[in-house]
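Residue numbers (the working numbering): 180 to 898. Structure first, commentary second.
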Amino acid sequence: MTPINTDKPGPPLRPLIPIILISFIGLGANFHARTQELPARTPRPGLLKLLALEASPESIDYVQRKTQFQLHTLLTEQRHPKTWNLSERLAKDAADGLKMLLSVDEDIIARLETLAADKTSLETLVAALEKAVLEKRRIYIYGCGATGRLAKQMESSFWRPFWRAAQADLRVWPKLEPGLSPSIEDDLIGEMTGADRALISSLEGFEDLPLVGRLQFADRGIRRGDVVICVTEGGETSSVIGTILAALEAEKENGVYDPAETRKRLFFVYNNPDDRLLPFTRSRRVIAEPGITRINLTTGPQAITGSTRMQATTVETYVIGCALEEALARIVRRTLSPKEMERLGFLDGLTIEQRLRGFGSLLEEVKSYIPEIAALTVLEADTYKAGRFSTYLAGRALITVFIDSTERSPTFRLFPLDPTVEPERKCWIQVWTPAADLAEAWRSFLGRPFRGFNPGFYLKPFEGEIEDPYLRRAALESLKKAGDDQQFLYDFSFSKENIKKRAPQKDDLGVMIISGSEAKNLKKAGSPFGKFADLCLKNGARLGLISTGEAPDLDKTGGLSAAPAPRVTLDISAAGDPLGLRQQVALKILLNAHSTAVMTRLGRVVGNTMTNVSPSNLKLIGRATFLVQSHVNDVLARPGWVRRNVRREPITYGEANVVLFDAISFLKDKKDTAGQTAEVALSIIRIIESLRQNRGLSNAEALEIVAKVGLSRYLETLD
């Protein structure tokens, strides 16, 4: 990049559009409670001149034209006061840190209690689901990122297994079948931005485009009269909003639009207060629309700032799952007796309020195993610290485990899951499932064939309808990675081929996730979990075990009984859990807390801020910029810094963004040498160290500090 020349006139940066000033929640450690400037009208030349930087075209475009993606005012982007000093607590005591993390899930209990007291919108959703099944219409659940994986789980973990179990029961199926669609198993479609390939990792550019949601809506053949449920953690995701607006347009196709009828079929589920979302045009369009039923599930800030894979997605998963379960109960109750309903997992007379209030017992069960979870957390963190890897084996719980493992990558700036062509393991974690080969693993995962993007359907709209040149370029590049061929790049089967290539080795970690009826099969000859345990012990790998449902009897089960492994055995009954919702949500809560604690112990969280976030879309670029600005200004305001250095004005949002984009550019082509380095950490250290030394550090010099010390320890040295 060309350095700024302050002596000669040149094309100045255009004035930056100011947006609302905010301050972080709370007082105390790490961040001072003071108003942050977002963004500055013009980046002051001091810092950029010191660094010999001028704003790149991408940075100018972002700060000036992408203000609708600078989401620092949203409640989900604030710091939770309960976890303010999480990184410090977890470093000292894993159990104490886990207790702190899980305390934030108590916010969900409070929100569900409110929803149970006023369930008008939820009853509308239950009635819509019931009517759709009885009228043989389709149900389309759409999300992006974590909520997209939620949508996939609704289809592949809950809906399809339920109907397969019903069809296999010859006592109940003959009574149910006449009133159902012949294609009942296919009548609920769970879709995410980027389709099935996005389960592995996000596809850059897609999330930021309403067009993508609209095209997927058309591609899946959803029509007027179908039930559409769009789920977004923050309430502002462009592709999700594009989907709900496409559904609204479909309802208006015949020229007769009755909002009172339409809102019985269209639903928007989100997790931020309306007043925080109204400044954003795309969100305001949905909130102000009378033809859409809004289900606001705001719980508050997340345990890790902005990490909506945690409480936001947990409450959305649980509420939509409860609604689906209640609708199915009402449907089968029409033809089955209470005893027959029990065969499918239903408890007679259970109300929607009771279903919602049952969340508290799930959380308490997880909390009761904090010491055991902590042992596994320390073991896994130490495994990665020693340069080793982990392998998770899951069957019934595959999707829940897979989701948590893949979401570690963008949250903590880790390598995504390794493709089959990767000669050696790079990703710290891999997930296996009992399957003979790649094709069987995908079928076990999805319950249907892999569903990707057909380039012929998407290419022309991408080329002709995306006006923003940066988004168009990103979307066209991602389209190459979204087709059906992508399934052949990822093999998560517990197969001979994978054992040969990627088996757990000495000092690696193997974690078995056993769910429901799988516990009964552990002693059977050829049990995949028994084989996995034996493989790990044979190769010198350590073991961990998590079970949900019936506690496994590990006596005389070979390696399972011999291994001195951390064991977490959640007692979640299958009775009254026909979809397996409670077992999977309890496991989600546990794994989210565990994986967050692991990464925090490895220095990938500072305080409770997501300092290793991957700036892979417009929202995350905004979050990353704000984190750079906030952490730098926190240091500049410390009394010790002021005593030792010349007092300096806080850096601006614009300055932070220029440095961030320079870091993105620097690291883009250094994946082999820079590895999993976070752009946020690199930018913070580069700015602070340049100001401390009163000279401009290069990215390469800052990278050396990141590699040797890490951001968390570096910031500690400044006290």
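We put the beta carbon where it would ideally sit given N, CA and C, even for glycine.
Hey, SER486 and THR599: beta-carbon distance below 9 angstroms or not?
no
Any chance the stretch 569–586 sits against the stretch 797–813, with 3 or more Cβ pairs inside 8 angstroms?
no
DSSP state of ARG746, grouped into three classes?
strand
Complete runs of the beta strand (DSSP E) confined to the stretch 778–861 [at least 3 residues]:
none
In this structure, does DSSP put CYS715 in helix, strand or coil?
In this structure, CYS715 counts as helix in the three-state DSSP scheme.
Between ARG464 and ASN791, which are expected to be in contact by the criterion C-beta below 8 angstroms, what is the C-beta distance as a whole number of angstroms?
Not quite, the Cβ-Cβ distance comes to about 33 angstroms (not below 8 angstroms), so this is no contact.
VAL610 by DSSP, collapsed to three states: which one?
strand
Any alpha helix (DSSP H) of 4 or more consecutive residues that is wholly inside the stretch 613–691:
List check, alpha helix (DSSP H) in window: 617–625, 634–644, 648–658, 675–681.
Determine the extent of the alpha helix (DSSP H) in which PHE538 is found, giving its start and end residues.
538–546
Where does GLU386 fall in DSSP's three states?
coil
For TRP611 and TYR563, believed in contact at Cβ under 8 angstroms, the rounded distance:
Not confirmed; about 18 angstroms, so no contact.
Buried or exposed for ASN812, going by 16 or more other Cβ atoms inside 10 Å?
buried
PRO497, DSSP secondary structure in three states:
According to the sequence provided, residue 497 is Tyr. The question's Pro does not apply to it. Note: TYR497 maps to helix in three-state DSSP.
Identity of the residue in ILE867, ARG513, ALA554 nearest SER809 by Cα:
Residue ILE867 is the option with its Cα nearest to SER809.
Sort out for me which residues DSSP pairs SER694 with in a bridge.
THR727
Taking Cβ positions, are THR262 and VAL283 nearer each other than 9 angstroms?
yes
For ASP272, tell me which candidate among THR556, THR496, LEU394, GLY225 has the shortest Cα-Cα distance.
THR556
Local conformation of ASN700 per DSSP, three classes
helix
Roughly how many whole angstroms lie between the Cα atoms of PRO628 and ASP663?
Spanning the two alpha carbons is a distance of roughly 10 angstroms.
Could you give the first and the last residue of the continuous alpha helix (DSSP H) run that contains GLY327?
325–332
Leaving out five residues on either side along the sequence, give the residues of the same chain with a beta carbon under 7 angstroms from the beta carbon of VAL885.
Residues of the same chain with a CB within less than 7 angstroms of the CB of VAL885, apart from the 5 flanking positions on each side, are THR856, ALA860, LEU861, ILE864 in chain order.
Is it the case that the Cβ atoms of ALA704 and ILE531 are separated by a distance below 9 angstroms?
no
Would the stretch 472–484 count as touching the stretch 446–458 if we require 3 or more Cβ pairs under 8 angstroms?
yes
Should SER381 and ILE420 be called a contact, given that it needs their Cβ atoms to be closer than 9 angstroms?
no
For SER891, the three-state DSSP class (helix, strand or coil)
helix
Residues in its own chain within less than 8 angstroms of THR493 by CB, not counting five upstream and five downstream?
For THR493, the CB contacts under 8 angstroms within the same chain, skipping 5 residues up- and downstream, are ASP284, ILE287, VAL764, LYS767, ILE768, ASN771 in chain order.
Report the three-state DSSP secondary structure of GLY369 (helix, strand or coil).
Secondary structure at GLY369: strand, using DSSP grouped into helix, strand and coil.
For GLU883, count the other beta carbons within 10 Å of its own beta carbon; 16 or more makes it buried, fewer makes it exposed. Which is it?
exposed
What does the Cβ neighbour count give for VAL435, buried or exposed, with the cut at 16 atoms within 10 Å?
exposed
Buried versus exposed call for ARG892 [16 or more other C-beta atoms within 10 Å across all chains shown]:
exposed
Kindly list the residues whose CB is nearer than 6 angstroms to the CB of GLN609, restricted to its own chain and excluding five residues on each side of it in sequence; keep chain order.
THR570
Nearest-angstrom Cα distance between PHE969 and LEU650?
Residue 969 lies beyond the stretch modelled for the chain, which goes from 180 to 898, so this question has no answer here.
Tell me, to the nearest whole angstrom, how far the beta carbon of LEU367 is from that of GLU334; I am working on the premise that it is less than 8 angstroms.
5 angstroms
With three or more beta-carbon pairs closer than 8 angstroms as the criterion, would you say the stretch 669–683 touches the stretch 618–625?
yes
Buried or exposed: which applies to GLN762, given that a residue is buried once 16 or more other Cβ atoms fall within 10 Å of its Cβ?
buried
TYR321 lies in the alpha helix (DSSP H); which residues open and close that run?
Annotation for TYR321: no alpha helix (DSSP H) segment contains it, though the beta strand (DSSP E) segment containing it runs 318–322.
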